[in-house]
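Chains as they are written, first to last, in UniProt numbering: chain B, 1 to 316; chain F, 1 to 478; chain V, 1 to 303. Note that beta-carbon positions come from the ideal geometry of N, C-alpha and C, so glycine has one too.
The following block contains the structure:
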């Protein structure tokens, strides 16, 4: 999040100048008024529903307020923050989240790019292929989580059934420490590989053909063409996709909630899931707010990176 | 030209109105937020009192709403109450709102926190009482019970379990303690065993049960010896451990000194954990580490378990031929399935389940009056028997001993026999966090993510620190 | 311009892949690629097919070990159960579907009504720190829902919006407005401002020029944007589970999630409910396939 820009509520101040006005009855004033009238409702909604709640959370994060126990909110300084940053429990969740984000995003990047590359080399049926590959991404995380839970069931799940029919051991997909996290990564990868694929495909099809033709005349090797032409041109777009996915993966809650409920033990509890427990099991609203603000800070850093690359891409 | 003027005139006030509305919303919420802190200062005083006698009831149409989690008794209650209560109060309609089990505590307490509930009667788990009472979310029914309920008609522990706070520590009711609820549905674990596989006579001790299960598993490939709750959600794994802990003579805590560390993880506690993880878990199906009520039922219905443990109130579906592979009629299924009280070992304790009815402090006065009237009606002897016949588990002793109840289901005798043996968890305000600590750690031990001893020590240490920091409010911990 | 699936298809034939393939050891390579692509497609689509298959299986076959792929009884009972309660009335699930239609629909309309004019204004006018404003707007969309829900919960309880459709509509609209603005700004940018200038020379005000000349050209873009907003609201789970509790308000995602965790699990019903729930999204997604890239990146990437 960039720093909140003072906006709109104070009226004309923010509209520096309108576009060169056409002749007519004071169109200048009209333009300015129009801009304010058109933009301020949207910004007000965002102020009320995003900025204000976050500021409130920021205030609460310095207090010992509890949403259920009532009583005055006492100022506790940075107490909540130090408690969170020094907590071994939080460190565990941070590590889990990191493994999850890095694992899922790299897996889906490799897979997504591969699929996109393969599709881009086909001459027929590209539209159909792309559409089919898109399906997982459009499903609700609830549906995805429930259904994979069904398929990964150790006893009657179809995955173990197939493993069994080719003579392999049953795997406890959701109830062993390692496999549960792997399952989470696999399911997220299944759902979001299409995302990377779609954007990579957009990049790949946008590579100007004459570059390949020129390389073809030079009898350059295919790997050489890929490395020197395709990748550099697709890379910026891919980076955007990767950052976008990283932010989304970092926020992940619903899939954990449904697929493993954080288990076995707490080994698949992500930071988001832990915040939920602090906020709604213990109703330690102050601590939960501080936890949330810290998460927001991470998101802000990731978003800044994302926006910077986006900006570069737009200008480039 | 009319248009420009018109639009011009319209757009300006429109915008201002929007600005003003938004600004008012912001100011209002901010002030409310700041004011909130001071207003609530008195809430500590505890729960508001319900009137000793039922106020005059409304003659207008009224919907009396409950909140429960989604399971067959919830639907049974709604049908039963609409059929029977309407005879007394034709203008009242009963609505039982249901939420997913995993969301049950959150759904009730977020509404309590909002000081606005869409239910009049909360069906709290017995352990939720402390949190609700401390926060002033439910009415104090002490005077109401004195005037309207025949307390001698109940096993005293049942009244205590579903209503009393502070908790009944001895298993007896403390006559001087306040009551905040009345029993709705009694429940405990039943042992479900395959008569065709292990014989008609259920094992009597826990050790015997384990060896019978082991033998049954060895003799019947594809059928696992045991099935029980292991999940890390709700109170699944925690109740399992607590049950074994009780049977092997352990204690969850010392309520007088509020000590958990050193009590829970004493020698008896260690033994219980060892039995659970090293003797019982190896007899369960592979991948059963996230099983709760429904998965255990499925395993029994699919004929995949020799001995299973489940809540009685959740066992009705086992007799439904449509969901079972054990037979095509109820009788055929009952030829194979037996229901028994839990085996005993060092003690004969069994877990207390079930829930009571509690009146929301935030529901309108007319609804609160109706709620009290409903509860008085519900605890009448004839209604308790009808509730038993409708599939419910009553609490009055006469109803429990009635043929209506004992004949309604093969597990009802199990319940009646279990009543004197019950033990509950702590019902302190910190319950939600305590049970989460226990759930996740027992689940970790069961699934090999932690060593049994480490898990038990972690439970004791973490629970102790939650109890010790209970004086602090909302900033105190993770 | 957004690269659409259709364009990708039509642009393809001009490219010639044969020479490099030939150089790299004959016909094996393209064949290998086709095989690889097929395998990947099967893996990606199998869960969806399995879901559809489970939804039409008898429960007995659902739990069969080993799993039955072809040899099973087809039944539509699960679909009936999605809509009809056991007592013959309307099922709670079908009520939640209706709630989802209302919440997703109204929040999308709200986000569109607020977002489209703002997008137009951002596209047409020179505003102070415009880029910062736009980036700020987008970044609000990235907040973790679990974090936002805490203060939103406190705020809603003050104004009585807990467990109300309006509460969900407002928060969904707030999450969709940034997306609508970014997505629509791209579409507005593609409509030359000269159209409006010309109209204003003819004596129209700027508002009229927008209303009469630009807006009609934006309709396809608005439709695409609205569809994406609709999909987001339709699929959303976190706010729904924490801000609602009653059957009258609950939307479909928490209702479907609530199908497990009772005393029995009916996976056939879960699958049927999922199919019914996912179908409209897939149809809508197919309708806006041209704008998928922009849509899934919140309008940030348009090439």
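- A straight-line Cα-Cα distance of about 9 angstroms links residue 110(F) and residue 116(F).
- Taking C-beta atoms as the reference points, residue 302(B) and residue 243(B) count as a pair closer than 8 angstroms.
- In the three-state DSSP reduction, residue 358(F) falls in the strand class (E or B).
- Of all residues in the segment 95–121 of chain V, none places a beta-carbon less than 9 angstroms from a beta-carbon of chain F.
- In terms of CA proximity to residue 71(B), 113(F) leads the group 50(F), 186(F), 113(F), 399(F).
- The alpha-carbon of residue 218(F) is positioned some 57 angstroms away from that of residue 229(V).
- Taking a Cβ-Cβ cut-off of 9 angstroms, the neighbours of residue 116(F) in chain V comprise 157, 160, 162, 163, given in sequence order.
- In the structure shown, residue 123(F) adopts extended strand secondary structure according to DSSP, grouped into three states.
- Scanning 40(V), 66(V), 97(V), 84(V) for the CA closest to the CA of residue 274(V) turns up 97(V).
- For residue 310(F), the enclosing beta strand (DSSP E) covers residues 305–311.
- Interface flag for residue 250(F) against chain V is unset, since no Cβ pair is found closer than 8 angstroms.
- Per DSSP, residue 187(F) is one residue of the beta strand (DSSP E) stretching across 182–194.
- Close CB contacts of residue 97(B) within its chain, under the 7 angstroms cut and outside five residues either way in sequence, are with 250, 270, 271 (chain order).
- Within chain F, the C-beta atoms nearer than 8 angstroms to that of residue 170(B) come from 286, 287, in chain order.
- Taking residue 426(F) as the centre and dropping the five residues before and after it, the same chain places the C-beta of 127, 130, 167, 252, 253, 255, 434 closer than 8 angstroms to its C-beta, in chain order.
- At a beta-carbon threshold of 7 angstroms, none of the residues of chain V lie near residue 85(B); the nearest stands roughly 16 angstroms away.
- Taking a Cβ-Cβ cut-off of 8 angstroms, the neighbours of residue 257(V) in chain F comprise 100, given in sequence order.
- Close partners of residue 109(B) in chain V (Cβ separation under 9 angstroms) are lacking, with about 15 angstroms as the shortest Cβ gap.
- In this structure residue 150(F) is exposed. Its beta-carbon is surrounded by fewer than 16 other beta-carbon atoms within 10 angstroms.
- Assignment of residue 260(F) by DSSP, reduced to helix, strand and coil, places it in the coil class.
- For residue 317(F), the nearest beta carbon of chain V is closer than 8 angstroms to its own beta carbon.
- Counting only runs that start and end inside the segment 192–242 of chain B, the alpha helix (DSSP H) elements of at least 4 residues fall at 209–217, 222–225.
- By the Cβ-count criterion, residue 221(F) is exposed, with fewer than 16 other Cβ atoms from all chains shown falling within 10 Å of its own Cβ.
- For residue 256(B), none of the residues of chain F pass the 8 angstroms Cβ criterion, the least Cβ distance being about 12 angstroms.
- At a cut-off of 8 angstroms between beta carbons, residue 243(V) makes no contact with chain B.
- Residue 397(F) is outside the set of residues whose beta carbon lies under 8 angstroms from a beta carbon in chain V.
- What residue 153(B) touches in chain F, judged by beta-carbon distance under 8 angstroms, is 287, going in chain order.
- In this structure, the alpha-carbon of residue 104(B) lies about 59 angstroms from that of residue 402(F).
- Remark: C-beta atoms of residue 156(B) and residue 231(V) do not approach each other more closely than 8 angstroms.
- Scanning its chain for C-beta atoms nearer than 6 angstroms, with the 5 sequence neighbours on each side dropped, one finds around residue 123(V) the residues 185, 188, 189, in chain order.
- Contacts with chain B at 8 angstroms (Cβ-Cβ) include residue 151(V).
- Taking a contact as a CB-CB distance under 8 angstroms, the pair residue 134(F) and residue 351(F) does not count as one, their CB atoms being some 24 angstroms apart.
- Under a criterion of Cβ atoms nearer than 7 angstroms, the residues of chain B adjacent to residue 253(V) are, in order, 140, 142.
- Scanning its chain for C-beta atoms nearer than 7 angstroms, with the 5 sequence neighbours on each side dropped, one finds around residue 125(F) the residues 355, in chain order.
- In chain order, 57, 58, 61 place their CB closer than 7 angstroms to the CB of residue 293(B), counting only its own chain and leaving out the 5 sequence neighbours on each side.
- Residue burial annotation: residue 49(F) is exposed, with fewer than 16 other C-beta atoms found within 10 angstroms of its C-beta.
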